[in-house]
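Novice:
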Amino acid sequence: QVQVVESGGGVVQPGGSLRLSCAASGFTFNSSAMHWVRQAPGKGLEWVASIRYDETNKYYADSVKGRFTISRDNSKNTLYLQMNSLRHEDTAVYYCVGGSFDPWGQGTLVTVSS
Amino acid sequence: DVVMTQSPLSLPVTLGQPASISCRSSQRLVHSDGNTYLIWFHQRPGQSPRRLIYKVSNRDSGVPDRFSGSGSGTDFTLNISRVEAEDVGVYYCMQGTHWPPTFGQGTKVEIK
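Which chain is which? The protein sequence lines are A and B, in order. Numbering follows this note's numbering, with no gaps: position 30 of the first sequence is 339. Numbering follows this note's numbering, with no gaps: position 61 of the second sequence is 58.
(1) Using a Cβ-Cβ cutoff of 7 Å, what residues of the segment 16 to 47 of chain B are near chain A? List them in chain order.
(2) What are the residues in the segment 350 to 377 of chain A lying within 8 Å of chain B by C-beta distance?
(3) What is the DSSP secondary structure of S19 (chain B), reduced to helix, strand or coil?
(4) To the nearest angstrom, how far is the alpha carbon of S422 (chain A) from that of W345 (chain A)?
(5) Hey, how far is the Cα of F338 (chain A) from the Cα of S45 (chain B)?
(6) List the DSSP bridge partners of T2 (chain B).
(7) Give, in chain order, every residue of the segment 87 to 104 of chain B whose Cβ lies closer than 9 Å to some Cβ of chain A.
(8) Cutting at 6 Å between CB atoms, please list the residues of its own chain near S23 (chain B), excluding the five before and the five after it.
(9) Give a yes or no on contact between the segment 10 to 24 of chain B and the segment 68 to 77 of chain B, applying the rule of three or more CB pairs nearer than 8 Å.
(10) Near V311 (chain A), which residues of its chain fall below 7 Å by C-beta distance, leaving aside the five closest residues on each side in sequence?
(11) Compute the Euclidean distance between the alpha carbons of G353 (chain A) and P5 (chain B), then round it to the nearest angstrom.
(12) Where DSSP assigns a beta bridge to W345 (chain A), which residues make up the other side?
(13) What residues of chain B sit near S316 (chain A), judged by a beta carbon separation below 8 Å?
(14) The segment 63 to 83 of chain B: which residues have C-beta closer than 7 Å to a C-beta of chain A, in chain order?
(15) Can you give me, in chain order, the residues of the segment 315 to 346 of chain A that have a beta carbon less than 9 Å from any beta carbon in chain B?
(16) May I have the straight-line CA-CA distance separating K52 (chain B) from I36 (chain B), to the nearest angstrom?
(17) Between the segment 380 to 414 of chain A and chain B, which residues of the former have CB atoms less than 7 Å from a CB of the latter, in chain order?
(18) Would DSSP call D399 (chain A) helix, strand or coil?
(19) For the ligand COA, is there a heavy atom less than 7 Å away from the beta-carbon of V87 (chain B)?
(20) Could you check what DSSP says for D123 (chain B) in three-state terms: helix, strand or coil?
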C-alpha cells in the first residue's frame, strides 16, 4: 500500500523550532522527489519545499527560505522538515507528498502560539 | 510565479447533474519536455487532498470515470458528468510546469 505518514507536529512558541518527519512505504522512496505542502486553517494549499531523490537539489517557498530545511534519509525511507524561527503565520497542517504530488499523508498540525 | 485562477469559487450542484470547474494559468503550462503538468485534487471535509487527474486529463487509479479533465495552454477544465454526494468538498488545480509549483484558490462544491 502506497502511503506516507507524517509526525512531529505540535504547539510551539514564536521563534521556536520543530522537526517534522514523514515515513514512506509502498513505493520506491529513494528514486522519488518529495514535497511538503501546508494548509493554514480554513485556507488553501501552499507549496513549502521540495527535494530531489538524491538530495542534490532542494527548493523552498520564499515564505520559509532561510528558516526551513528539507532533508531525507533514503536508508530509512523518511523525509524531514526542520522548521526554525517559527512565526504565527506558519500555523498550518503540514502534508508530506510524493514526487508527482501523490500520495498525500494525513497531515500534521503545527501551531505557533505564545 | 505562475498564478492559477479558479472559477467559480463556490459551486452549488444538484445530485445527478453535471458540474464544471475552470482553472486558468498566467503562463502557458507546456513544459519543454512536451508535457503539460496540470493536476486536479479533491479534498473532502476533514480529509487530506487526493490527486484525481494528472497531466491535464489522466485519471488516477480508482477515480470514477464521471471525472474528466481537459484543456491546453492556459485554460483547463475539470468536469463531473453526474455529481454524486461523495463529490462534495474543495477542488484545487495545480501547475507543476514552472517552478515553484502553484495552486489555485480552490472551488468548493456543495449539494443544493
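The C-beta atom is built at its ideal place from N, Cα and C for all residues, glycine as well. It should be emphasised that the depicted structure is a prediction, and the values quoted were computed from it without experimental measurement.
Specialist: To lay it out plainly:
(1) I36, S45, P46 and R47
(2) G353, L354, E355, W356, S359, Y368 and A370
(3) strand
(4) If you take the alpha carbons of S422 (chain A) and W345 (chain A), they lie about 21 Å apart.
(5) 20 Å
(6) B:R21
(7) V87, Y89, M91, G93, W96, P97, P98, T99, F100, G101, Q102 and G103
(8) V(-1) and V0
(9) Using a Cβ-Cβ distance cut-off of 8 Å, the segment 10 to 24 of chain B and the segment 68 to 77 of chain B are in contact, since at least three pairs of beta carbons, one from each stretch, lie closer than that value.
(10) G335, F336 and P412
(11) 15 Å
(12) A:A358 and A:C405
(13) The contacting residues do not exist; S316 (chain A) stays about 14 Å from chain B at best.
(14) Residues are counted here when their Cβ sits less than 7 Å from a Cβ of chain A; for the segment 63 to 83 of chain B the count is zero.
(15) H344 and V346
(16) 6 Å
(17) Y404, S409, F410, D411, W413 and G414
(18) Three-state DSSP puts D399 (chain A) in a helix.
(19) Ligands displayed in this structure: none; no statement on the ligand COA is therefore possible.
(20) Coverage of chain B is limited to positions -2 through 109, which leaves residue 123 (chain B) absent and any answer about it impossible.
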